[in-house]
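S.K.: In this note's numbering, the protein residues as written are 5 to 247. C-beta atoms are modelled at their ideal positions from N, C-alpha and C, and glycine is treated no differently. Predicted model, so just to flag it, every value in this text is computed and none were measured.
Below you can see the structure in the form of structure tokens.
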């Protein structure tokens, strides 16, 4: 199996991934410099990245510490949910969102599409989104404002419907590739970069009920592998950064 293409390790990605992975997401600059040192990134490069991230609205500085802005706190919450999803027993019903707002400006349409994806709804056709009703989460304001929600059941095979809404084969292929690469990686920089790719991939997991998934669905195994990396990296931070 070919190894997946992954994003290059940069000072910004090191800072961002580190803060997204700690709770609360706040660290002193000196600790972030030490994290950069683990990956061979010079102190000056990390400090330049911190300054640029403040300017870009990614970080808020306070008393020598840096914390994530509200936008990235929302991303951290989504990542946390993707690692430990809050699922409900599924009784076969689906939640259906029908767009009922009229004359929506482009900004509202874009915000709605982004919110629907975060809710793991799939678009059946323009103006109609749906998914199995097996998740518990809060619907954000752009969704509540623009949509009416219904519940129902497909008359045809629900697994076949799910397969048309989500490319489960492509998700499986990518997940298997990431699992293999992360399992085989030994260099900390490679493991860190691959783990970040795993987390991004988990954000795209539709979190379907087991009856709608292929029998060898790799989602749980990928989560377990990420949790092991998270444990290992937390230990590394404790012994080499936070002391």
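(1) With hydrogens ignored, establish whether the beta-carbon of residue 170 is closer than 7 Å to any heavy atom of the ligand GTP.
(2) Does the beta-carbon distance from residue 33 to residue 13 come in below 8 Å?
(3) Whose C-alpha, out of 218, 74, 44, 244, is nearest the C-alpha of residue 58?
(4) Roughly how many whole angstroms lie between the Cα atoms of residue 207 and residue 227?
(5) Please classify residue 27: is it buried, with 16 or more other beta-carbons within 10 angstroms of its beta-carbon, or exposed?
(6) Report the rounded CA-to-CA distance for residue 232 versus residue 199, giving the unit in angstroms.
(7) How would you label residue 202, buried or exposed, when you count the other beta carbons within 10 angstroms and need 16 or more for buried?
(8) Name the one or two DSSP bridge partners that residue 129 has.
(9) DSSP on residue 243, reduced to helix/strand/coil?
(10) At the level of alpha carbons, what is the spacing between residue 5 and residue 135?
(11) Near residue 22, which residues of its chain fall below 6 Å by C-beta distance, leaving aside the five closest residues on each side in sequence?
(12) Less than 8 Å separating the beta-carbons of residue 229 and residue 186?
(13) Can you have a look at residue 84 and say buried or exposed, based on whether 16 or more other CB atoms are within 10 angstroms of its CB?
(14) Would you check if the region 62–71 and the region 92–103 touch, i.e. whether three or more CB-CB distances between them fall below 8 Å?
(15) Mapping the DSSP letters down to three states, classify residue 49 as helix, strand or coil.
(16) Report the option in 182, 76, 87, 147 whose CA atom is closest to the CA atom of residue 108.
(17) DSSP state of residue 156, grouped into three classes?
(18) Going residue by residue through the region 13–49, where are the continuous alpha helix (DSSP H) segments of at least 4 residues, counting only ones entirely within it?
(19) Could you have a look at residue 171 and say whether DSSP puts it in helix, strand or coil?
(20) Could you name the residues that DSSP lists as bridge partners for residue 102?
(21) In whole angstroms, give me the CA-to-CA distance for residue 225 and residue 152.
(22) Determine the direct distance from the alpha carbon of residue 140 to that of residue 267, and round the result to whole angstroms.
(23) May I ask you to list the residues that DSSP assigns as paired with residue 66?
(24) Go to residue 11, then tell me how far its alpha helix (DSSP H) extends in each direction, as first and last residue.
(25) What separation, rounded to the nearest whole angstrom, lies between the Cα atoms of residue 11 and residue 66?
(26) CB-CB under 8 Å to residue 97, same chain, minus the five flanking residues each way: which ones, in chain order?
M.R.: Straight from the coordinates:
(1) In terms of ligand content, the structure shown is empty, and the ligand GTP therefore cannot be addressed.
(2) Position 29 of the chain shown, counted from the first residue, corresponds to residue 33. Position 9 of the chain shown, counted from the first residue, corresponds to residue 13. Contact flag unset, no.
(3) Position 54 of the chain shown, counted from the first residue, corresponds to residue 58. When only C-alpha atoms are compared, the closest one is 74.
(4) One-based indexing of the chain shown puts residue 207 at position 203. One-based indexing of the chain shown puts residue 227 at position 223. Their Cα atoms are separated by approximately 11 Å.
(5) Position 23 of the chain shown holds residue 27. For residue 27, the number of other beta carbons within 10 angstroms of its own is below 16, and it is reported as exposed.
(6) For the purposes of this step, residue 232 is identified with residue 228 of the chain shown, where counting begins at 1. For the purposes of this step, residue 199 is identified with residue 195 of the chain shown, where counting begins at 1. Cα-Cα distance, rounded: 10 Å.
(7) The residue you call residue 202 lines up with position 198 of the chain shown. Answer is buried; the Cβ neighbour count reaches 16.
(8) In the chain shown, counting from the first residue as 1, residue 129 sits at position 125. Its beta-bridge partners are 132.
(9) Working through the chain shown from its first residue, we reach residue 243 at position 239. Correct three-state label for residue 243: helix.
(10) Within the chain shown, the letter at position 1 stands for residue 5. Within the chain shown, the letter at position 131 stands for residue 135. In this predicted model, residue 5 has a pLDDT of only 49, less than 50, meaning its place in the structure is not dependable enough to derive any value.
(11) As a working mapping, residue 22 is identified with position 18 in the chain shown. In the same chain as residue 22, and ignoring 5 residues on each side of it, the C-beta atoms closer than 6 Å to its own belong to 39, in chain order.
(12) Here residue 229 refers to the residue found at position 225 when the chain shown is read from its first residue. Here residue 186 refers to the residue found at position 182 when the chain shown is read from its first residue. Residue 186 sits close to residue 229, with the two beta carbons spaced by under 8 Å.
(13) Taking the chain shown and counting its residues from 1, one reaches residue 84 at position 80. Residue 84 is classed as exposed because its beta carbon has fewer than 16 other beta carbons within 10 Å across all chains shown.
(14) Below 8 Å, too few C-beta pairs join the region 92–103 and the region 62–71 to call them touching: fewer than three.
(15) Against the chain shown, residue 49 aligns to sequence position 45. Helix at residue 49.
(16) Taking the chain shown and counting its residues from 1, the one referred to as residue 108 is at position 104. The option with the nearest alpha carbon to residue 108 is 147.
(17) As a first step, residue 156 must be located in the chain shown, where it is residue number 152. Strand at residue 156.
(18) Qualifying alpha helix (DSSP H) stretches, in chain order: 15–24, 33–42.
(19) Stepping through the chain shown from its first residue, residue 171 is reached at position 167. Looking at residue 171 - three-state DSSP - the assignment turns out to be coil, as it is neither helix nor strand.
(20) Indexing the chain shown from 1 puts residue 102 at position 98. Residue 102 pairs with 132, 152.
(21) Along the chain shown, one-based indexing puts residue 225 at 221. Along the chain shown, one-based indexing puts residue 152 at 148. In a straight line, the C-alpha of residue 225 is about 36 Å away from that of residue 152.
(22) No information on residue 267 is available, as it lies outside the stretch 5 to 247 that the chain covers here.
(23) Indexing the chain shown from 1 puts residue 66 at position 62. Bridge pairing for residue 66: 69 [DSSP].
(24) Translated into positions along the chain shown, residue 11 becomes position 7. Careful: residue 11 lies outside any alpha helix (DSSP H) and carries neither H nor E.
(25) Translated into the one-based positions of the chain shown, residue 11 becomes position 7. Translated into the one-based positions of the chain shown, residue 66 becomes position 62. Going by the C-alpha atoms only, they are around 30 Å apart.
(26) Counting from one through the chain shown, the residue named residue 97 turns up at place 93. Within the same chain, residue 97 has close Cβ partners 136, 137, 155, 156, 157.
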